[in-house]
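The structure appears right after this line, and notes come after that.
Protein chains in written order, with the UniProt record's numbering: chain A, 1 to 374; chain B, 1 to 374; chain C, 1 to 374; chain D, 1 to 374.
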């Protein structure tokens, strides 16, 4: 190998032009990528670019995807350690390349050891400015929004990072179609009130005010995951909430019980298979409260509650809750939008929506958002 | 990170069941992957699998793609060095996973330093047998067959490994559709008589008898690239030759001159823009001779000369040559098949056929081959 | 022309096996086709078949489409008069052909003179039995359900029968995909409460109990259009209501005024562009009452309110109304389903959904109905 | 029905602006439509337009399709008789409508009684000028070019006019994509040397100089079908010949014998299933001679021999013949183009290419022709 003697190492703080995607703690000497879809972006005029990464985990390793000029060119597992990853080499030094390094794996509440840090860059050229996109979108969701199932064969059943994808994902695809920057908060299995298995602690709303509050462990604390999030730093034009699928499943699964405290919870079915009214009410209240919380921190955003990629059993309750919220607050900037259901043809791995389902959802959602933004 | 204490290192020679794809020298203590599409395949019943790779180059680095159960899950640049790459981890130890590690980059005649070697595996399970596929196909071609342009944005112009792909490629897709193992011999810019720039040394036929004869340098010699290829070890049912595109370009480009020897060559145009008859004849003779050579080593194969993904100016000459070959030899097992042209919509990077063009070509070619094999 | 001497004329009452589609008065000596999608079906084992038709109109002529073995082969305007139309000739006399003659034009409330009658058949073979389909679907809707815009160039603007289609229509396509017989009640411009221009008389519910009550004139009275419909004769498994689009438009259009009586009506907007609560309430009440009426006559049907092919502004009100209906009645067999919006690519003539939009809607609706019927 | 008192009858000779498509005898007092795709075109500014047609046949009735603003709106069988057909009514009298009435059925050599004549028009408006298209294409072919199989269910087997289509046809679609006027000469079952059943009289070349020479009978003689065609009146930019499919079949079918004369013919197979060299030579000579004949009458046209929608067994012979023709004449304006094969998915009725196959062929052929015309 012939070494490139022109490479120079840059601390993140030394880089003239750089875009950070996803909620972070703001400090750049060491950049943690907490959420799926988070990452860094450069306009790099040079021939060779490397990034220094530090990855760790107890069980679930992070993955990244590298995009050159908006096209994915590499996707790789990040095994534990601190090392350099080459983003490109041998390119025309006089052309500006848009480069994005994106976390493919959701924030991992199930693994306090999971972390992905950006330390530095090595480059032989100059960083050029990156134009801002006209819009900002925030997505909040569950495994669908985490892109679970967008990679791998239909037969795959293991719950492992390999099958999670950030860019073969309706979030990325919708943002690209609309021409928007975007951020994602998502957690597989979680809901707006409870998780799929009735755990009332596994809900997204409780952690909305933190940088990445659903993580656990001292390491994440030190990285600022539990810090208050500065909503003023990035005000979205649209907030898309894709929750309810796991809340619906909770009616069909056994009671959750905390062995330590004896606390338990169960969303109940009536004998005729319909939802127990009281529990459905609790779900609707959770939707309403979450809308109020989102509104509090995003006073001007259009809020869209989307639902339907894995069926629509909770849709009437979602409509009721949104309706009630609007009636109580007079907030007219909230709506509901049904996403297309996943079919045998569009199914991905792990019985989750595949790439074709995400593309279809993105096509319809982008069109709906474009109308909202008009 | 929690270490997996059950991992055990295997020399390639110790692996009970393994498939090697692509021409090699046969020795397995150290496995070089010379050609695009070459690689190793395992049926791995275990939870975690690693592969030890050694990559080097002067200028053009190799890339690999990893397929789990026939679906690409990772694609990465291999920077120089010897190191372990994790193929999967955390999977159900009781399920058999089909795993393929495939070289994404063509054999690099332009870089004597380019090499990709497989040293060993680390695994915590058992290797299961791999069933043979019913057919074997050999593909011989140029940049189209090397998958140049199947990765990256349409605007990309650098000639770098990043834009070459083995599996978003009509070769892989055709073989999958037919249900066949396959091997590829290809070189960007080369033809059956000369390269696109009239160099008569840059032709595929001259190197057909060697393992990977178009490579250069002592390292490749030591790896066995220039050894005679043992045709008896792998007799294809179908040989697909996709050459002629660069021979056609040679008529439009300046004379090639070897400054050292003073030797020169030029495929000439007549004043009216038509091809010079004598030079066209030389092309046809080269086609005919290559057919005879392929037949010599593959006595029972159907040979299909395919052409058309970047226009069909040489098609009459190809038909004439194939006709003349059949007339002279009585060999009825040879045919010509036109592939669909690439359009603005199906174009990839570097003005080469993109994934959509490869998919379309594979669909039509697979159907044609299936008829031949009936 | 050589005459076919084997043709024999049949009164409808003489035909051994025949299926009548669409609501009729039950008498068969003279069969009026009132609604779009209505028609006659035969399994004809013979070589040549004709049908005697009588068409009339003051302004808007009827059209028919002829299907042989479920494929449309002819579509024609029916000018005024009584005459024979050839359905097929020269076919193998020993094969059974399934033949359907379908009215392509909606019932025409705007033209008391519009009528389409079937008198008789001429045939040289035998009529074979027609197997019943496993399901029955009733569709109730407006111009979308009347297939307005499914024929003709995008630029067409005339409101004429030529642009209406019954089989390039989500109703027909959904029924075919589900494997169902179907009937349609529809009227362009009408709603559940008022028409697009605020006329409260132009609503579908008021006429639901009659054979085809929205028609006018003595001729239609004589044909039985205003007779009570015998719901017991054909109980649908699913009732699909696709109303609300024109009710939404009414908020945006001027007041309707009946010059004769001085009566007027207007669905009002608030100053901020939102819907006036009282008028919205009236819409919701109309939805609720229509559901109750449909239930009264179809005690076992799944009722699906569909909406969305031209936007979803009324969706919250529809969900509210359906919710309220279910709460008040305990009827759990009612649901709401959002259809995919029409886009620039899927638009038809007269700014209405085109064939591609109907195909997409049918694909999603059929899947939803199949789940309901499981 | 309310009569339109403004309708006025026009003899064809009285119409200010009118386009006649397809080869005719030039006289307009009575216009015969001999070939598939032939017809009349108007730019009609008025509200209502009728056409007077006279149809007859012994066995095979003609069909027409009506296009308004380039979209098919009606397709109907024409039973025997002279009568008026309404093309449109009730349209905006101030808008110009482009109207085409097109013969859907090929010229019927098998039925001397088949005729379709245009007598007159009734109209309440004005005929506007029709702009010429920039190119002209002539298509010559067999059942594929006659659109046999483009209508009807896959299971259909009767050889009847109903399954023939002129506009769901690669000829119409290619011409539309290129922006060209077009004419078609075609006959189901015929070839360049013989028909599918070895009849050497059933070849297209013998009749090329006549208006519609393959017809038979006194009526057609009187209509001018056997008159010399005036090639100067319409010089195509491109001549597309799609022949060879039936010549290929002739090798597989029994000998043809004329019982009257004792004359017989058979394209022979060798014992190994290959084509008999002498008979193949006869085919190639026929190709060459037809090219010479086409060139004689169309000195400036690009001639494209296309082939492949039902397999490519004759392609080597076609290439040889075209090559030989070019070598002998120096005519460089001739080429061969392979059309995409029909698949299970794109098959139509009567085991012939369906609409999807025609669309695919048109897409590729149009692109090829556009390059030729550059």
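Heads up, the beta-carbon is just placed ideally off N, CA and C, and yes, glycines get one too.
Tell me the rounded alpha-carbon separation between residue i and residue j.
{"i": "residue 178 of chain B", "j": "residue 309 of chain D", "result": "21 Å"}
{"i": "residue 31 of chain D", "j": "residue 58 of chain D", "result": "20 Å"}
{"i": "residue 16 of chain B", "j": "residue 127 of chain B", "result": "6 Å"}
{"i": "residue 162 of chain C", "j": "residue 245 of chain D", "result": "39 Å"}
{"i": "residue 125 of chain C", "j": "residue 91 of chain C", "result": "11 Å"}
{"i": "residue 94 of chain C", "j": "residue 6 of chain C", "result": "14 Å"}
{"i": "residue 230 of chain A", "j": "residue 21 of chain A", "result": "14 Å"}
{"i": "residue 65 of chain D", "j": "residue 76 of chain D", "result": "7 Å"}
{"i": "residue 114 of chain A", "j": "residue 270 of chain C", "result": "53 Å"}
Residues of chain C with a CB under 8 Å from the CB of residue i: which are they?
{"i": "residue 340 of chain A", "result": "340 and 364"}
Taking Cβ positions only, does residue i come closer than 8 Å to chain B?
{"i": "residue 71 of chain A", "result": "yes"}
{"i": "residue 351 of chain D", "result": "no"}
{"i": "residue 170 of chain D", "result": "no"}
{"i": "residue 1 of chain A", "result": "yes"}
{"i": "residue 319 of chain D", "result": "yes"}
Within the 8 Å Cβ cut-off, does residue i reach chain C?
{"i": "residue 331 of chain A", "result": "no"}
{"i": "residue 160 of chain D", "result": "yes"}
{"i": "residue 343 of chain A", "result": "yes"}
Any beta-carbon of chain A closer than 8 Å to the one on residue i?
{"i": "residue 208 of chain B", "result": "no"}
Can you list the residues of chain D that residue i reaches, using a CB-CB cut of under 7 Å?
{"i": "residue 74 of chain C", "result": "75, 76 and 77"}
{"i": "residue 323 of chain B", "result": "316 and 320"}
Counting only beta-carbon separations shorter than 8 Å, does residue i have a partner in chain D?
{"i": "residue 128 of chain C", "result": "no"}
{"i": "residue 176 of chain C", "result": "no"}
{"i": "residue 367 of chain B", "result": "yes"}
{"i": "residue 167 of chain B", "result": "no"}
Where does residue i fall in DSSP's three states?
{"i": "residue 328 of chain A", "result": "helix"}
{"i": "residue 217 of chain B", "result": "coil"}
{"i": "residue 248 of chain C", "result": "helix"}
{"i": "residue 211 of chain D", "result": "coil"}
{"i": "residue 369 of chain D", "result": "helix"}
{"i": "residue 88 of chain D", "result": "strand"}
{"i": "residue 225 of chain C", "result": "coil"}
{"i": "residue 241 of chain A", "result": "strand"}
{"i": "residue 119 of chain B", "result": "strand"}
{"i": "residue 360 of chain A", "result": "helix"}
Taking C-beta pairs closer than 7 Å, name the residues in chain A that residue i reaches, listed in chain order.
{"i": "residue 110 of chain B", "result": "Going along chain A, no residue has its Cβ under 7 Å from residue 110 of chain B, so there is no contact; the nearest lies around 12 Å."}
Using a Cβ cut-off of 7 Å, pull out every chain B residue sitting near residue i, in sequence order please.
{"i": "residue 151 of chain A", "result": "73"}
{"i": "residue 88 of chain A", "result": "162"}
If the cut is a Cβ gap below 8 Å, which residues of chain D does residue i touch?
{"i": "residue 92 of chain C", "result": "157 and 158"}
{"i": "residue 62 of chain B", "result": "Residues of chain D passing the Cβ test: none, with the nearest at roughly 36 Å."}
What residues of chain C sit near residue i, judged by a beta carbon separation below 7 Å?
{"i": "residue 347 of chain D", "result": "Those within 7 Å of residue 347 of chain D in chain C number zero; the least Cβ separation is about 13 Å."}
{"i": "residue 80 of chain D", "result": "1"}
>> Taking beta-carbon pairs under 8 Å, can you tell me which members of the stretch 26-60 of chain A lie near chain B?
In response: Cβ contacts with chain B: 56, 57, 58, 59 and 60.
> Between the stretch 265-289 of chain C and chain A, which residues of the former have a C-beta closer than 7 Å to a C-beta of the latter?
Replying inline: Hits within the stretch, in order: 274.
> Residues in the stretch 215-245 of chain D with C-beta within 8 Å of chain B's C-beta atoms, listed in sequence order?
Replying inline: If the cut-off is 8 Å between Cβ atoms, the stretch 215-245 of chain D has nothing near chain B.
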